[in-house]
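Before any comments, here is the structure.
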Amino acid sequence: MARKIAILGGTGPEGSGLANRLARAGEHIVIGSREAPRAQEAARRLCAHIGGAAKIEGADNATAAAQCDIAVLTLPFSGQAALLKQLKGVWKPGTIVIDTTVPLAATVGGSPTRMIGVWQGSAAEAAAELLPAGVSIAAAFHNLSAELLTGDAPIDCDVLVCSDDEKAKQVATELAAKIPGVRALNGGKLENARIVESITALLIGLNIRYKVHSAGVRFTGLPAK
Ligand SMILES: NC(=O)c1ccc[n+]([C@@H]2O[C@H](COP(=O)([O-])OP(=O)(O)OC[C@H]3O[C@@H](n4cnc5c(N)ncnc54)[C@H](OP(=O)(O)O)[C@@H]3O)[C@@H](O)[C@H]2O)c1
373 MARKIAILGG
383 TGPEGSGLAN
393 RLARAGEHIV
403 IGSREAPRAQ
413 EAARRLCAHI
423 GGAAKIEGAD
433 NATAAAQCDI
443 AVLTLPFSGQ
453 AALLKQLKGV
463 WKPGTIVIDT
473 TVPLAATVGG
483 SPTRMIGVWQ
493 GSAAEAAAEL
503 LPAGVSIAAA
513 FHNLSAELLT
523 GDAPIDCDVL
533 VCSDDEKAKQ
543 VATELAAKIP
553 GVRALNGGKL
563 ENARIVESIT
573 ALLIGLNIRY
583 KVHSAGVRFT
593 GLPAK
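Each position in the sequence shown, counted from 1, maps to that position plus 372 in our numbering.
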């Protein structure tokens with residue numbers, strides 16, 4: 373059976389954007405939401421937007437998580453711990469979780485250009501503590517703007533993938549490379565997610581100062597692919 377990718381919190385701009393790109397690449401997507409009808413509506417909208425044979429369904433977050441092989445977390449940091457506690461007994465063994473969460477101060481009413489301090493070091497490391505044994509995690513996609521993920525134009529951005537698990541790193545790398553224009557880079561251990569997450573706060577500031585929605589990152593001196 374073809375693998376399923378759940379995008380939890382996928383009704384928002386980042387999750388819907390990733391669903392759009394991964395469905396266009398032929399992946400079977402299940403959008404997750406706190407409310408199943410909201411996820412189903414988002415799935416319908418995306419299918420209509422993409423057309424053709426796009427495989428996108430909608431479900432509540434727990435139903436989406438229970439049936440997936442890969443889960444992408446695309447919800448605000450303020451909701452991450454509660455959701456992962458709810459899902460602790462739900463995951464299939466071997467599930468790979470890909471965390472996109474940026475712990476912006478905006479998530480607790482502060483500035484979108486500042487980070488909040490996370491005891492574990494990063495949102496991804498905080499998430500890792502809340503996953504059961506047998507479920508692995510990679511951090512990726514933090515520096516990809518939701519606006520650029522809409523549509524199908526190539527995206528001029530590197531995606532840094534951080535993980536302590538080789539399989540999770542490989543899967544996240546392969547998914548990132550399916551987005552036209554994107555180069556996936558080995559970002560090292562999961563602890564490096566704290567650096568990658570904070571780059572997003574800088575990118576948001578650049579977007580504001582330059583009045584764009586498209587700031588991204590490219591690293592030089594590395595192989596093209
Ligand atoms: N936007 C970007 O350009 C961008 C870029 C890189 C990374 N990110 C990261 O990606 C994540 C999602 O970004 P976004 O802009 O799409 O966020 P968002 O619109 O604020 O939230 C995404 C979805 O999360 C769900 N949600 C909201 N609060 C929640 C809570 N307390 N508990 C559980 N679910 C909750 C909502 O879905 P339901 O109401 O349907 O449950 C919402 O539609 C964030 O962590 C962000 O830092 C965003």
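Note that the Cβ used here is the ideal one computed from N, Cα and C, for glycine as well.
Start and end residues, beta strand (DSSP E) containing residue i
i, result
"G640", "The question about residue 640 has no answer here: the residues shown for the chain are numbered 373 through 597."
"A510", "S508 to A511"
"K376", "K376 to L380"
"A443", "I442 to L445"
"S535", "D530 to S535"
"A556", "R555 to N558"
"I470", "I468 to D471"
Burial state of residue i (16 or more Cβ within 10 Å)
i, result
"E546", "exposed"
"P475", "buried"
"G423", "exposed"
"A565", "buried"
"A495", "buried"
"V444", "buried"
"L594", "exposed"
"I509", "buried"
"S483", "exposed"
"A397", "exposed"
Residue i versus residue j - alpha carbon distance
i, j, result
"T572", "A548", "17 Å"
"S388", "R410", "12 Å"
"A525", "P552", "7 Å"
"V402", "Q492", "29 Å"
"T446", "T522", "15 Å"
"S470", "S535", "Rather than Ser, the amino acid found at residue 470 in this sequence is Ile. One C-alpha to the other measures close to 9 Å."
"P507", "L380", "The sequence given here places Val at residue 507; Pro does not occur at that position. Whole-angstrom Cα-Cα distance: 16 Å."
"L557", "K541", "10 Å"
"A596", "R555", "8 Å"
"S586", "I527", "9 Å"
"G466", "T592", "35 Å"
"K561", "A395", "28 Å"
"L350", "R581", "There is no way to answer for residue 350, as the model of the chain reaches only from 373 to 597."
"I428", "D441", "15 Å"
"R376", "F449", "Reading off the sequence, residue 376 comes out as Lys, not Arg. Rounded to whole angstroms, K376 to F449 spans 24 Å at the Cα level."
"R417", "K457", "30 Å"
Start-to-end residues for the alpha helix (DSSP H) that takes in residue i
i, result
"V543", "E538 to A549"
"N579", "A565 to Y582"
"H392", "According to the sequence shown, residue 392 is Asn rather than His. First-last of the alpha helix (DSSP H) with N392: P385 to R396."
"A431", "No alpha helix (DSSP H) holds A431; the beta strand (DSSP E) holding it covers I428 to D432."
"I422", "A408 to I422"
"A496", "A495 to E501"
"F591", "Where F591 is concerned, there is no enclosing alpha helix (DSSP H), given that its DSSP letter is neither H nor E."
The stretch 505-514 in contact with the stretch 529-539 per 3-pair CB rule at 8 Å: Result yes; three or more Cβ-Cβ pairs closer than 8 Å.
Segment contact, 8 Å Cβ cut-off, at least three pairs: the stretch 449-462 with the stretch 499-508: The stretch 449-462 makes contact with the stretch 499-508: 3 or more CB pairs, one atom from each, lie closer than 8 Å.
Meets three-Cβ-pair contact criterion under 8 Å: the stretch 565-580 and the stretch 463-474: Counting Cβ pairs under 8 Å, three or more are found: they touch.
The stretch 477-487 in contact with the stretch 455-466 per 3-pair CB rule at 8 Å: The way I'd put it, the stretch 477-487 doesn't touch the stretch 455-466; fewer than three beta-carbon pairs between them come closer than 8 Å.
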